[in-house]
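Written out below as structure tokens is the structure these notes cover.
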Amino acid sequence: MTAYPPEPWHLAGQAYASVWRIPVADLPALPDGAEPVVLGGRAQVVTAWIDYQDPGQLSYHELLSTVAVRGRGAAASITEIWVDSEVSLAGGRALWGIPKDLAALDFRHGRTFTATAATDADWIATAAFTRRVGAPFPSPSRFEVVQTLDGRLKRSPVRSKARPHLARADWSVNPDGPLGYLAGRHPVANLHLRDFTLHFGG
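So in this note's numbering, spot 120 of the sequence shown is number 113, and the numbers just go up one at a time.
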């Protein structure tokens, strides 16, 4: 059994996120009891490439997709997620019911951030983000992650702080892959969440 830190996890790094408006009929499956937030027949999906770095407890790469769901406040359910860390995979599944899988994730930082994700079977997605104007000070946020753990709905609190920067992003998504519902679509907003800190779990 792979050992992992107890919750909460204290993490830090760089995140590159995109917001999508997806027809409800095209959404991936959500946990029983989780309802998407729907406006005009569309739900909000957020995808993110995350580079977890020191001084956080763990260092690894991640690609995830989440759907905004109803909650006591801001809430999301992670529908697809890949990491390149066995420790993160084991802890995410056991502590919070997050359906993490392993993938090869290649990140290149610079004036333009580029990322690719692939499994042994096929490629998942690629993206390039170019940072634009941003906030001079860190901005805090709180939300819940809603998953299924041991057959029950689990709501895990998350607190974060980051310097948000608007960005331009170009995505390429494998239409036959697990994120195929995003293929051919364009995000409505893109952000670089610079120097974030994250406290995940209770």
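For each residue, glycine too, the CB sits at the ideal point set by N, CA and C.
Tell me whether the beta-carbon of T72 lies closer than 7 Å to the beta-carbon of P21. Yes, the pair counts as a contact, with Cβ atoms nearer than the cut-off.
Enclosing beta strand (DSSP E) for L98 [first to last residue]: Looking at the DSSP string, the run of the beta strand (DSSP E) that includes L98 is 97 to 101.
Rounded C-beta distance between D94 and G170? I'm assuming under 8 Å. Actually they are not in contact, since the Cβ atoms of D94 and G170 sit about 12 Å apart, beyond 8 Å.
Excluding the 5 residues preceding and the 5 following Y(-3) in the sequence, name in chain order all residues of the same chain whose CB lies nearer than 6 Å to its CB. V80, A83, G84, listed in sequence order.
Closest Cα partner of T112 within the set F122, T123, D143, D99: If we check each option's Cα against that of T112, D99 comes out closest.
Looking at C-alpha atoms only, which residue of P157, V138, R156 is the closest neighbour of R148? Considering only alpha carbons, the answer is V138.
What ranges does the beta strand (DSSP E) occupy inside the stretch 109 to 144, keeping only unbroken runs of at least 3 residues that lie completely in it? Entirely contained in the stretch 109 to 144, the beta strand (DSSP E) runs reaching 3 residues are, in chain order, 116 to 127, 132 to 142.
If you drop the 5 nearest sequence neighbours on each side, which residues of the same chain put their C-beta closer than 7 Å to that of A128? Once the five neighbours on either side are set aside, the close Cβ partners of A128 are R156, P157.
Please go through the same chain and pick out, in chain order, the residues whose beta-carbon is closer than 6 Å to the beta-carbon of A118, but skip the five residues on each side of it. For A118, same chain residues with a beta-carbon under 6 Å away, outside a window of 5 residues either side, are A110, V166, L172 in chain order.
Which residues does DSSP pair with H192 in a beta bridge? Note: H192 sits in a beta bridge opposite H3, R152.
Buried/exposed call for H185, threshold 16 Cβ in 10 Å: Residue burial annotation: H185 is buried, with at least 16 other C-beta atoms found within 10 angstroms of its C-beta.
Near P168, what residues of its chain come up, given a Cβ to Cβ distance below 8 Å and the 5 sequence neighbours on each side ignored? Excluding sequence neighbours, P168 sits near A176, G177.
With distances taken between CB atoms, is the gap from G144 to P1 smaller than 7 Å? The Cβ atoms of G144 and P1 lie no closer than 7 Å to each other.
Provide the residue(s) that pair with R187 in DSSP beta bridges, ordered along the chain. Partner(s): R156.
Based on the DSSP output, what are the partners of D44 in its beta bridges? Note: D44 sits in a beta bridge opposite Q7, H54.
Comparing the C-beta of E28 with each C-beta of chain D, is any distance below 7 Å? Protein chains in the displayed structure number just one, and chain D is not present.
Relative to the alpha-carbon of A41, which residue among W13, L23, L88 has its alpha-carbon at the smallest distance? Ranking the options by Cα distance to A41, first place goes to W13.
Tell me the DSSP secondary structure of L172 in three-state form. Of the three classes helix, strand and coil, the one that applies to L172 here is coil, per DSSP.
From P133 to R152, what distance separates their C-alpha atoms? Between P133 and R152, the alpha-carbon positions lie close to 7 Å from each other.
Please classify V44 as buried or exposed, where buried requires at least 16 other C-beta atoms within 10 Å of its C-beta. Residue identity check: residue 44 is Asp in the sequence provided, not Val. With 16 or more Cβ atoms within 10 Å of its Cβ, D44 is classed as buried.
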